[in-house]
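Peer 1: Heads up: the sequence shown runs through residues 4 to 422, numbered per the numbering used here.
Before I ask anything, let me first share the structure, which is written out below as structure tokens.
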Amino acid sequence: MAFTRRDFLTSAALSTLAVGLNGQSTPSTDIHGPAPGPQATKGTGSGQGKPPILVSSANGWNGIDKGYQMLRDGKDTLDAAIAVGKTQEDDPNDMSVGLGGLPNEEGVVELDSCCMHGPTRMAGSVGGVRNIKNVALLAQAVMQHTGHVMLVGEGAEKFGYALGFPKENLLTERAHQIWLLWKESMSAEDWWGMGLDDPRYKLPEEGGSERSAAETREIERQRILELAERLHIEPEWREFAVNAVMYPPHGTIHCSVLNDKNEMSGMTTTSGLAWKIPGRCGDSPIIGAGNYCDQDVGSAGATGSGEENIRIAGAHTIVENMRKGMSPHEAGFDALKRIVRNFNNDSAKLQYVDMKYYILRKDGAYAGVTLWSGPADRPARFCVHDGTKRLEPMIALNQGQALDYPPNSRRRSRGAGRS
Ligand code: ASP
């Protein structure tokens, strides 16, 4: 799910954090009510849906009607889940998946996806794919047309072309401009950006370290904003671009599906973390981390800090928890607490971790759970469709919002520098 991490934890959030980190948190109550927003929001973050039902990250909103209709028409559960992801993969304005996704540090878009088909218990996955937009379909093709489960990089790309997937430039002009903004904004340390001869070049200021962190961050924000203007980034995209530069965003779509024959499937697709090292794969293409489905039990998927989710095999952990009798909500909270445990309850570090799970049990019970509730006016939400399409607030282990990552000490400590 796409997001920009901006807000600091409130003091109230910090006090709740202590409860959550001790593993004794109960579902928060203040995010259960309707949240403001253009779309109707109802539900409690967990419930009992009636098949057919789809549970997805909030950015599945545009495609979930199509997925629901496919299930009503008797189409395959995995085809319906993939249709939800494909809608955003095809959308150049969604900068978290497919066409228009934000690129790696070299300015190249690399996509990851995986899927599991409950009825046949088959799985497919692709990682680090360039030039092919619909990687959820490509993961499904690996599942259907090879004896392998996972293909990566050039091999995955060549396989796609052999099957007739078109070769496309996935870097939109907007994503390219934002990448260039990121590249040039780093130029206190390298040769990108203005040279000394440019009249607009500003020498780094002395005494910057005496400023508060907030003041330094604001100066940095203004500097990047000016640069965004100079690079002709569209005014309505400048704030997004500046945030993306200061705090590399990530975003992903997951969708879990159950039809009225009790068949299940799941799919996850992403462009991963912006400005990543080429070849980096997060959790999204990892069967058992970004997505897991067991026809006997249920399906789960993840968005958020991929590295942390891989370390607890989040989606598999959740399905196994449900196999042992936990509700979707309990199963998801257990996974979140494993992440908390991996940091030895260190709240200073956990503030920089974002994690969300989308969970659907074979009997139609479902939940959306999150490590952080999000800000009060924009609580974390997920999408459900069981005949009624809705966004529901997620059940939060802790109140508050993850801090911007990275902690950004380098940007805080240096002066204005080259812009
Ligand atoms: N989990 C994805 C990754 O690490 C990103 C995201 O979900 O926002 O690549």
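Heads up, the beta-carbon is just placed ideally off N, CA and C, and yes, glycines get one too.
Just so it is clear, the structure is predicted and the values come from calculations on it, not from any experiment.
1. Going by DSSP, name the residue or residues bridged to Met-153.
2. Return the first residue and the last residue of the beta strand (DSSP E) that Met-358 is part of.
3. Terminal residues of the continuous alpha helix (DSSP H) containing Met-325?
4. Let me know if Ile-280 comes out buried or exposed under the rule of 16 or more other beta-carbons within 10 Å of its beta-carbon.
5. Using three-state DSSP, classify Thr-255 as helix, strand or coil.
6. At the level of alpha carbons, what is the spacing between Val-155 and Ile-256?
7. Rank Gln-354, Asp-82, Met-197 and Ile-67 by C-alpha distance to the C-alpha of Gly-377 and give the top, closest one.
8. For Leu-166, which option in Val-248, Ile-135, Asn-401 and Leu-102 has the closest C-alpha, if you only look at C-alpha atoms?
9. So the alpha helix (DSSP H) Ser-60 belongs to, where does it begin and stop?
10. Give the residues whose C-beta lies closer than 6 Å to at least one heavy atom of ligand 1, in chain order.
11. Using only alpha-carbon positions, find the residue among Ala-383, Ser-116, His-151 and Leu-105 that is nearest to Pro-252.
12. From which residue to which residue does the beta strand (DSSP E) around Arg-384 run?
13. Rounded to whole angstroms, what is the Cα-Cα separation between Pro-30 and Thr-47?
14. Thinking C-beta only, is Gly-63 closer than 9 Å to Gly-88?
15. Whose C-alpha, out of Ala-379, Asp-380 and Met-397, is nearest the C-alpha of Cys-386?
16. Determine the direct distance from the alpha carbon of Leu-276 to that of Glu-333, and round the result to whole angstroms.
17. Is the beta carbon of Asn-345 less than 9 Å from the beta carbon of Glu-395?
18. Is there contact between the segment 285-303 and the segment 231-240, where contact requires at least three CB pairs shorter than 8 Å?
19. Can you tell me whether Tyr-360 is buried or exposed? The criterion is at least 16 other CB atoms within 10 Å of its CB, across all chains shown.
20. So, using beta-carbon positions, are Ile-85 and Leu-140 closer together than 9 Å?
21. Give me, in chain order, the residues of the same chain whose beta-carbon lies closer than 7 Å to that of Lys-352; leave out the 5 immediate sequence neighbours on both sides.
22. At which residues does the beta strand (DSSP E) containing Asn-345 begin and terminate?
23. Given His-120, which residues of its chain have a CB within under 6 Å of its CB, disregarding the five upstream and five downstream residues?
24. What residues in its chain sit with their C-beta under 7 Å from that of His-151, if we drop five residues either side in the sequence?
25. Report the residue ranges of all beta strand (DSSP E) runs contained in full by the segment 225-299; include only those spanning at least 3 residues, in chain order.
26. For the alpha helix (DSSP H) that contains Ala-370, what are its first and last residues?
27. Considering Ile-135, what are the terminal residues of the beta strand (DSSP E) in which it resides?
28. Below 8 Å on the Cβ atoms is my guess for Gly-101 versus Leu-114; work out the distance and round it to an integer in Å.
29. Are the beta-carbon atoms of Leu-153 and Cys-117 separated by less than 9 Å?
Peer 2: Checking against the coordinates, here is how it stands:
1. Ser-128
2. 358-364
3. 317-326
4. exposed
5. strand
6. 19 Å
7. Gln-354
8. Ile-135
9. Counting along the chain, Ser-60 falls outside any alpha helix (DSSP H), though it belongs to the beta strand (DSSP E) covering 56-60.
10. His-253, Gly-254, Thr-255, Thr-273, Gly-275, Leu-276, Gly-285, Asp-286, Ser-287, Thr-306, Gly-307 and Gly-309
11. Leu-105
12. 384-388
13. At Pro-30, the pLDDT of 27 sits below 50, so the modelled position is not reliable and the matter cannot be decided from this model.
14. yes
15. Met-397
16. 28 Å
17. no
18. no
19. buried
20. yes
21. Phe-346
22. Careful: Asn-345 lies outside any beta strand (DSSP E), inside the alpha helix (DSSP H) at 331-345.
23. Leu-81 and Ser-268
24. Val-145
25. 255-261, 267-273 and 294-297
26. Ala-370 -> not in any alpha helix (DSSP H); beta strand (DSSP E) instead, spanning 368-375.
27. From DSSP, Ile-135 is part of no beta strand (DSSP E); its letter is neither H nor E.
28. 7 Å
29. According to the sequence shown, residue 153 is Met rather than Leu. Yes; because the gap between Cβ atoms is below 9 Å, this pair is in contact.
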